[in-house]
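Peer 1:
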Amino acid sequence: MPAQILDGKLIAQQMRLKLRVARDGLGPCPIRLVSVEVGQNPAAAVYVRNQQRAATEVGIEMEVRNLPVTTTEAQLVATIAELSGRADVAGILVQRPLPPGIDPRTVQSAIDPAKDVEGMHPANMGAILYREPSLPPCTAAAAQQLILATGRDLRGTETVVVGHSEIVGKPIAILLLHRLSTVTVCHIGTKHLIEHTRRADIVVVAVGKAGLVHGDMLKPGACVIDVGINQGADGRIVGDVDFASCREVAGFLTPVPGGVGPVTVAMLLRNTLRAAGATV
Ligand code: NAD
């Protein structure tokens, strides 16, 4: 039987309805999320438009600040510090990629951790070791949300995370560890990836290589979360997972596009409402 598709668009839509209720509970005062971008990036422009549309639906005002490509790291940090100090700004988001010469970690560290709605400030990243933080990294939180949507109890499951980035691989591994899954993290240095993926009940792939994971690498019935975003040979967006072969073996599978991406945006909005004081 082909895998059940975990519909990220639908899950995100359901989340936005819940978020709208939480937002209305905060009263009429505007909730402002400021997105800061340096230079013009056509790929980022699509993300920003999607984020703005979703924010409007939830009742969050998303202000977009485009800084010139000549902006220095010090100037960007000063802008972030100014926004962090403003009482009318609930959340701050820095669009990537940043131009060469600007260190994303330095910039992220300049955000007030209480307004770090991407959950990437060292304080929020560190807090994840103790428990699930109130502002978790959005993509890792989205991957977890999709796994939970299967209804499966994660205690005692075997998870293999492929990719050990700070933004996805490491935080999702720790989030699932909190739920008592037995987690293995594979990466560029891993020998024989297939030996790991084949015994996993849950496979999360966040690498950036189209077709890295094939159906023959999976345990029948596995839940497969594809975080990757790649440009396919025909120009279309594809994930890291070979969808056709994995669909034949997996129990659950996220599509790309329409899987992790929309849920990540919903997580960003959830974090913004939490930063504004909502319990959601
Ligand atoms: P990254 O580029 O920072 O790191 C890539 C990771 O892949 C590294 O940990 C590396 O060890 C591992 N890797 C590389 N080759 C490998 C191989 N052959 N076998 C096993 N592991 C290998 O990763 P990132 O920033 O987490 O991004 C990963 C992918 O996820 C990209 O396609 C990115 O566009 C996508 N992404 C999607 C979202 C979303 O919201 N859907 C968010 C962030 C990133």
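Each residue of the sequence shown is one higher than the one before, counting from 91 in our numbering.
Where a beta carbon is used, it is the ideal one built from N, C-alpha and C, also for glycine.
Keep in mind it's a predicted model, so treat the numbers as computed, not measured.
1. Let me know the beta strand (DSSP E) ranges lying completely inside the region 179-218, each 3 residues or longer, listed in chain order.
2. Cβ of residue 372 within 7 Å of Cβ of residue 207?
3. Output the distance between the C-alpha atoms of residue 235 and residue 220, rounded to the nearest integer angstrom.
4. Only counting runs of 4 or more residues, tell me where the alpha helix (DSSP H) segments fall wholly within the region 267-313, in order along the chain.
5. By how many angstroms is the C-alpha of residue 246 removed from the C-alpha of residue 240?
6. Counting pairs of Cβ atoms below 8 Å between the region 296-315 and the region 335-351, do you hit three or more?
7. Within 10 Å of its beta-carbon, does residue 198 have 16 or more other beta-carbons around it, so buried, or fewer, so exposed?
8. For ligand 1, is there any heavy atom lying closer than 6 Å to the beta carbon of residue 317?
9. Measure the Cβ-Cβ separation of residue 295 and residue 331 and say whether it is below 7 Å.
10. Between 264, 190, 172, 189, which lies nearest to residue 182 when the distance is taken from Cα to Cα?
11. Measuring only the C-alpha atoms, how far is residue 329 from residue 349?
12. On the premise that residue 122 lies in contact with residue 147, defined as a C-beta separation below 8 Å, what is that separation, rounded to the nearest angstrom?
13. Are there three or more Cβ pairs, one per stretch, closer than 8 Å when the region 93-101 is compared with the region 150-163?
14. How long is the line joining the alpha carbons of residue 204 and residue 175, rounded to whole angstroms?
15. Based on the DSSP output, what are the partners of residue 316 in its beta bridges?
16. If we call anything under 7 Å between Cβ atoms a contact, is residue 229 one with residue 250?
Peer 2: The relevant details are as follows:
1. 181-184
2. Residue 372 cannot be examined here, being either before or after the span of the chain that is shown, 91 to 370.
3. 19 Å
4. 283-287
5. 15 Å
6. yes
7. buried
8. yes
9. yes
10. 172
11. 10 Å
12. Not really, about 16 Å apart at Cβ, beyond 8 Å.
13. no
14. 11 Å
15. 295
16. no
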